[in-house]
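In our numbering, the protein residues as written are 631 to 963.
Quick reminder that beta carbons are idealized off the backbone N, C-alpha and C, glycines included.
Read through the structure below, which is laid out as structure tokens, and then see the notes.
Written out as structure tokens, the structure reads:
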């Protein structure tokens, strides 16, 4: 079918030596599985080598140049050459890219996957088995798969050779390595609980905190928590809104008392506004009506707590204007 044809497709006119080799191996193999083993044995027994610094291959016929000339490369070279031989021999095959290995962060037990953990291998279609994974790199450099890239490249000295300042090169320095792992842990926590805090994680957190609580109890807890948090806030806002006009009324009344003091009528400490108004009106007869009116407006604002906001605003405006216009006549009785 068309899917099989896709996994057998090769660039026309490319790599004639590899195609000839595939025909030879195909003729000597009993079945596809034996053909796979033959190619892997060729990589193992002949002078192929794994390196991170392979020689530069030509633009054309790269598989031929790798198989018959350089024979040195990394996972992509071996996977590509293997798939070319398989397809040329009539076996559906494909290159698969991913990651192999990683580093466990002991602070959070997550696996740190680095870019140098990138790996390429192959899959072949075997009759009766389907897609089977084959890693040609393991045939050439088993330590690359079993130990990881860093250990495999110790002898060659090419691990992170192009990144001299990478903290991964200094994992032997304990304090520096601890600092690196802590930074990775902070990054992971930021990504998990801030950037990636989606609805699924929200439910996960709630299930952890309220494990075993019924839906009804959970709603009651949620409602009580909301009241505990929002109740004081709402009360504070209402109290401030209610006291705002009274505070301004106090300032107006103090200004009014200062003007009366300049006229010779001083309010005594703790003297009620009504009694002070009566005493001031008796001494300043011509201003008596205005003194009583201003005092009445102030008492309405200061003590009439059940007055509507509209009436309070109107009273405050009237008090402000009355105090501004007030000019006492110092004539006394």
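Assigned exposure category for residue i - 16 Cβ within 10 Å defines buried
| i | result |
| --- | --- |
| residue 722 | buried |
| residue 824 | exposed |
| residue 636 | exposed |
| residue 691 | buried |
| residue 804 | exposed |
| residue 698 | exposed |
| residue 811 | buried |
| residue 750 | buried |
| residue 660 | exposed |
| residue 933 | exposed |
| residue 729 | exposed |
| residue 802 | exposed |
| residue 963 | Confidence in residue 963 is poor, its pLDDT being 44 and thus under 50, which makes the residue's placement unreliable; the coordinate value appears in the next sentence. Exposed, by the Cβ-count rule. |
| residue 858 | exposed |
| residue 897 | buried |
| residue 655 | buried |
9 Å Cβ cutoff met for residue i and residue j
| i | j | result |
| --- | --- | --- |
| residue 673 | residue 766 | yes |
| residue 694 | residue 648 | yes |
| residue 945 | residue 931 | yes |
| residue 878 | residue 950 | yes |
| residue 720 | residue 638 | yes |
| residue 640 | residue 727 | no |
| residue 595 | residue 708 | The requested residue 595 is not part of the displayed model; the chain covers only 631 to 963. |
Cβ-based neighbour list, residue i, same chain, cut-off 7 Å, excluding 5 preceding and 5 following
| i | result |
| --- | --- |
| residue 814 | 735, 742 |
| residue 670 | 766, 769 |
| residue 713 | 723, 724, 725, 752 |
| residue 818 | 738, 740 |
| residue 924 | 886, 949, 952, 953, 956 |
| residue 666 | 754, 764 |
| residue 710 | 693, 725 |
Residue i, enclosing alpha helix (DSSP H) - first and last residue
| i | result |
| --- | --- |
| residue 954 | 939-955 |
| residue 734 | No alpha helix (DSSP H) holds residue 734; the beta strand (DSSP E) holding it covers 733-735. |
| residue 752 | Element bounds for residue 752: not the alpha helix (DSSP H) but the beta strand (DSSP E), 748-756. |
| residue 715 | 705-718 |
| residue 662 | 662-675 |
| residue 701 | Note, residue 701: premise wrong, no alpha helix (DSSP H); not H, not E. |
| residue 904 | 903-913 |
Assumed close pair residue i, residue j - CB separation to whole angstroms, cut-off 8 Å
| i | j | result |
| --- | --- | --- |
| residue 700 | residue 682 | So it is not a contact: roughly 14 Å between Cβ atoms. |
| residue 890 | residue 910 | 5 Å |
| residue 948 | residue 927 | 6 Å |
| residue 680 | residue 696 | With a Cβ gap of about 12 Å, residue 680 and residue 696 do not count as contacting. |
| residue 907 | residue 922 | 5 Å |
Close beta carbons around residue i, own chain, < 8 Å, minus the five adjacent residues each side
| i | result |
| --- | --- |
| residue 904 | 925, 929 |
| residue 716 | 652, 665, 666, 669, 722, 723, 752, 754 |
| residue 758 | none |
Bounding residues of the beta strand (DSSP E) (the contiguous stretch that carries residue i)
| i | result |
| --- | --- |
| residue 808 | Careful: residue 808 lies outside any beta strand (DSSP E), inside the alpha helix (DSSP H) at 804-820. |
| residue 824 | Looking at the DSSP string, residue 824 is not in any beta strand (DSSP E), and its letter there is neither H nor E. |
| residue 724 | 723-729 |
| residue 760 | 760-764 |
| residue 743 | Careful: residue 743 lies outside any beta strand (DSSP E) and carries neither H nor E. |
Cβ-based neighbour list, residue i, same chain, cut-off 6 Å, excluding 5 preceding and 5 following
| i | result |
| --- | --- |
| residue 662 | 721, 756 |
| residue 646 | none |
| residue 684 | 702, 703 |
| residue 895 | 910, 913 |
Minimum Cβ-Cβ distance from residue i to chain C less than 9 Å
| i | result |
| --- | --- |
| residue 893 | No chain C appears in the structure shown, which is made up of a single protein chain. |
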